[in-house]
Amino acid sequence: MADEILNEIMQQRREKLAALEAEGVNPFHYTEYRRTHTAREITEHFEEMDGQTVKVAGRITSRRGQGKVTFADLVDVSGRIQLFFRFDDLGEALYNRLKLVDIGDILGVEGYVFKTRMGEISIHVKNFEVLSKALRPLPEKWHGLKDVETRYRQRYVDLIVNPEVQATFLLRSNAVKAIRRLLDDKGFLEVETPMMQAIPGGAAARPFITHHNALDIDLYLRIAPELYLKRLIVGGLERVYEINRNFRNEGIDTKHNPEFTMLEVYEAYANYEDMMRLSEEIFTTAALATIGTLKLTYQGQEIDLTPPWRRLSLMDALREFGGVDTSKLFDFESAKTLCLAMGIHVDPRATLSTLINNLFEEFVEPNLIQPTFLIDYPTAISPLAKRRRDNPEMTERFEIFMTGREMGNAFSELNDPIDQRGRFEEQVREKSAGAEETHPMDDDYIRALEYGMPPTGGLGIGIDRLIMLLADAASIRDVILFPQLKPERAGEEESEQ
Numbered sequence: 165m166a167d168e169i170l171n172e173i174m175q176q177r178r179e180k181l182a183a184l185e186a187e188g189v190n191p192f193h194y195t196e197y198r199r200t201h202t203a204r205e206i207t208e209h210f211e212e213m214d215g216q217t218v219k220v221a222g223r224i225t226s227r228r229g230q231g232k233v234t235f236a237d238l239v240d241v242s243g244r245i246q247l248f249f250r251f252d253d254l255g256e257a258l259y260n261r262l263k264l265v266d267i268g269d270i271l272g273v274e275g276y277v278f279k280t281r282m283g284e285i286s287i288h289v290k291n292f293e294v295l296s297k298a299l300r301p302l303p304e305k306w307h308g309l310k311d312v313e314t315r316y317r318q319r320y321v322d323l324i325v326n327p328e329v330q331a332t333f334l335l336r337s338n339a340v341k342a343i344r345r346l347l348d349d350k351g352f353l354e355v356e357t358p359m360m361q362a363i364p365g366g367a368a369a370r371p372f373i374t375h376h377n378a379l380d381i382d383l384y385l386r387i388a389p390e391l392y393l394k395r396l397i398v399g400g401l402e403r404v405y406e407i408n409r410n411f412r413n414e415g416i417d418t419k420h421n422p423e424f425t426m427l428e429v430y431e432a433y434a435n436y437e438d439m440m441r442l443s444e445e446i447f448t449t450a451a452l453a454t455i456g457t458l459k460l461t462y463q464g465q466e467i468d469l470t471p472p473w474r475r476l477s478l479m480d481a482l483r484e485f486g487g488v489d490t491s492k493l494f495d496f497e498s499a500k501t502l503c504l505a506m507g508i509h510v511d512p513r514a515t516l517s518t519l520i521n522n523l524f525e526e527f528v529e530p531n532l533i534q535p536t537f538l539i540d541y542p543t544a545i546s547p548l549a550k551r552r553r554d555n556p557e558m559t560e561r562f563e564i565f566m567t568g569r570e571m572g573n574a575f576s577e578l579n580d581p582i583d584q585r586g587r588f589e590e591q592v593r594e595k596s597a598g599a600e601e602t603h604p605m606d607d608d609y610i611r612a613l614e615y616g617m618p619p620t621g622g623l624g625i626g627i628d629r630l631i632m633l634l635a636d637a638a639s640i641r642d643v644i645l646f647p648q649l650k651p652e653r654a655g656e657e658e659s660e661q
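Numbering (the numbering used here) for the sequence shown: 165 to 661.
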C-alpha cells in the first residue's frame with residue numbers, strides 16, 4: 165500500500181512538471197538566482213528592512229490557505245521565513261502557477277518585507293520562479309524519518325526535515341575551524357600525508373588493502389598519518405598538523421566507523437606534558453567556539469572541561485577501579501593467568517597489549533567520566549613512545565578519556581632509531597605469531613630517525629568523538645555525514661518512506 169501511494173504522488177508531481185513545461189517554464193532552472201538576503205538576515209533585522217524589497221531562495225516546507233490568498237514557509241540554510249501570496253498582486257497566470265508548486269520544491273521569491281496581523285515577519289510576494297521541482301515527496305511532517313538506518317542512508321532528506329541535524333554539522337564545521345585557527349596562530353603548519361601507504365603503521369589496527377595496477381603492488385589505506393608526520397619533523401618542519409581521514413578495517417558500533425577523522429599534531433622540542441596542555445586548549449577552544457561554555461551535558465552526564473584535568477596512571481587506574489595486581493602485567497604469561505583468574509576472555513591470538521586493554525575496558529574505561537589524562541603506559545604496548553627516564557619499563561604516554569571513552573592519544577615520541585628498530589622487530593615477531601593488528605618493519609622510518617629527530621611531542625584526537633561530545637550525540641553516525649552502512653536491499657528505500 166505504501167508503495168502504491170508513493171507511486172501515485174510521484175505521478176501527480178510528474179504531471180505538474182509537464183504542466184509547467186507546457187507553460188514554457190523550465191522546472192530545473194538554468195540561470196543563476198541572485199539572492200539579496202537570507203531568511204535569518206530578514207528576521208533579525210526586520211526593523212531596518214520593513215518595506216524593503218528582497219529576493220530569497222529556498223525549499224517550500226509547508227503551505228496553507230485557499231482562494232485568493234496562500235501562505236507558505238520557505239527554508240534556506242539560515243532558517244525559515246513565511247511567504248504571503250495574493251491573487252491581486254500576482255495576477256491570474258502566476259497565482260494559478262502556484263497550484264503546480266509542491267512541498268519540497270525550491271523557489272526563488274521576490275517581494276517586500278512586512279509583518280502580518282498575527283505579528284509574523286513575512287515576505288509579500290510580487291514574483292516567484294520555480295528553480296527546481298521535487299519529484300519525490302518529503303516524509304510526512306509528524307513522523308518524518310522514523311528508521312534510523314534510513315536517516316543515515318538518506319542524509320540529504322535527514323538534513324531537510326530535521327533542523328537539529330543541520331545544526332550538528334554546522335557545529336562540526338565551526339569546531340574544526342576553531343581548532344585550525346588555534347594551531348595556525350601557534351605557528352603550526354597544516355600538511356597532507358599519503359592516504360595510500362606501502363606499509364601501514366602508526367597504530368594497532370587492521371588496514372584495508374587495495375592494489376595499484378601500474379606498480380603491481382598492494383597498498384593500504386592509512387590507519388594513521390603518524391610516521392609520515394614525524395618524517396616531516398626530521399625534515400625540519402618543527403610544528404605540523406593534519407586533520408584528515410583514517411581507515412581501519414574494524415567493526416561498526418556507536419563509537420566506531422571504519423572511516424573517521426583524526427587530528428594529529430607534532431611539535432619539535434616538546435614532550436607529552438606539552439601535549440597535555442595543548443589537548444586542554446584544543447578541547448576548550450572547540451567548546452567555547454561552538455556551545456559557548458566549558459560545562460556541558462552529555463547523555464545526561466554533567467561534564468566539566470575546565471583545566472587542569474585529572475592525571476591518573478594506567479596502573480593506578482587498574483588498581484583503583486578493578487583491584488588488578490598490576491605487577492603481573494609486564495609479561496604475557498603472567499598477564500594471561502591474571503586475566504583468566506579475573507574472568508577476562510583470552511583470545512588465542514592475544515598479545516600483552518590486548519590483555520591489558522581487555523582489563524582496562526572491563527574495569528576502568530566506563531568509570532572515566534570527567535576529563536582524565538591516563539598516563540604512563542608499559543613500553544610493551546607503546547611501540548612509538550619514549551621510555552620514561554626514571555623507569556624504562558614505562559613510557560611517557562597518555563590517553564584522553566571522558567564520558568567513558570577514549571578521545572585522544574599522545575606521547576613523547578621515540579626518537580632513538582636503535583630502540584625503535586628493536587620494538588618494530590618485536591612487532592614483527594608478534595605478527596608472525598598471529599597478531600593481526602601489528603605491522604611489518606618500516607625500514608624507511610628507521611632510516612629517517614637515523615638522520616636525527618629532535619625531541620618531539622605528538623598528539624592525536626578523534627574529531628568525530630569530540631563532536632559527539634559537543635553535540636550530545638549518542639552515536640558516531642550522528643556526526644558523520646555519510647557513515648558506512650550495510651548495502652541497501654532492493655526495494656528497501658521505497659518501503660521505508
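We put the beta carbon where it would ideally sit given N, CA and C, even for glycine.
Just so you know, these numbers come straight off a predicted model, no measurement behind them.
Three or more Cβ pairs drawn from the segment 462–475 and the segment 436–454 lie within less than 8 Å of each other, which places the two stretches in contact. Using a 10 angstroms sphere on the CB of P303, the tally of other CB atoms reaches 16 or more, which defines it as buried. Take the alpha-carbon of L645 and the one of S337: they are about 12 Å apart. Residue pairing from DSSP places V429 in a beta bridge opposite Y405, L623. Residue burial annotation: F447 is buried, with at least 16 other C-beta atoms found within 10 angstroms of its C-beta. Along the length of the segment 479–505, whole alpha helix (DSSP H) runs at least 4 residues long occupy 496–505, reported in chain order. Sixteen is the threshold: when 16 or more other Cβ atoms of the shown chains lie within 10 Å of the Cβ of A549, as they do, the residue is buried. Here A166 carries a helix assignment [DSSP, helix/strand/coil].
Here DSSP, grouped into helix, strand and coil, assigns P530 to helix.
With respect to the C-alpha of I416, the residue from K650, R344, T217 having the closest C-alpha is K650. For the 8 Å CB-CB criterion, L630 and M571 form a contact.
CA-to-CA, the gap between Q648 and V312 works out to about 13 Å. Here T470 is exposed: its Cβ has fewer than 16 other Cβ atoms, across all protein chains shown, within 10 Å. Segment contact: the segment 375–391 against the segment 358–367, three or more CB-CB distances shorter than 8 Å; contact assigned. Under the three-state reduction of DSSP output, G586 falls in the helix class. With a contact defined as Cβ atoms closer than 8 Å, K341 and L181 miss out at about 40 Å.
Burial is judged here by how many other beta carbons sit within 10 angstroms of a residue's own beta carbon; R412 has at least 16 and is buried. The continuous alpha helix (DSSP H) containing E211 extends over residues 210–213. Taking the Cα of I407 as reference, the smallest distance to any Cα among H509, N377, A453, M359 is reached at M359. Here the segment 277–289 makes contact with the segment 240–251; the two share three or more CB pairs at distances below 8 Å. As summarised for the segment 418–464, the continuous alpha helix (DSSP H) elements at least 4 residues long and confined to that stretch are 436–454, given in chain order. Residue burial annotation: K394 is buried, with at least 16 other C-beta atoms found within 10 angstroms of its C-beta.
Only residues of its own chain outside the window of five on either side were considered, and among them W473, R474, R475, L476, I564, F565, M566 have a CB closer than 8 Å to the CB of T536, listed in chain order. In the structure shown, M605 adopts coil according to DSSP, grouped into three states. Boundaries of the alpha helix (DSSP H) around Y259: 251–261. Of all alpha-carbon atoms in R300, I324, V239, D167, the one lying nearest the alpha-carbon of E179 is that of R300. Your pair R344 and E354 checks out as a contact, with CB atoms roughly 7 Å apart and the cut at 8 Å.
About 16 Å separates the CB atoms of E526 and I545; that is not less than 8 Å, and the two are not in contact. In the three-state reduction of the DSSP assignment, N521 falls in the helix class, which pools H, G and I. A Cβ-Cβ contact shorter than 8 Å links P422 with E414. Beta-bridge pairing by DSSP links R223 to V239, I270. With respect to L523, L482 sits close: the two C-beta atoms are nearer than 8 Å.
DSSP, reduced to helix, strand and coil, places M282 outside both helices and strands of the structure shown, so it counts as coil. Check the Cα spacing between A257 and each of E187, I285, A450: the tightest is with E187.
Under the three-state reduction of DSSP output, N171 falls in the helix class. Per DSSP, the continuous beta strand (DSSP E) segment holding L538 begins and ends at 536–539.
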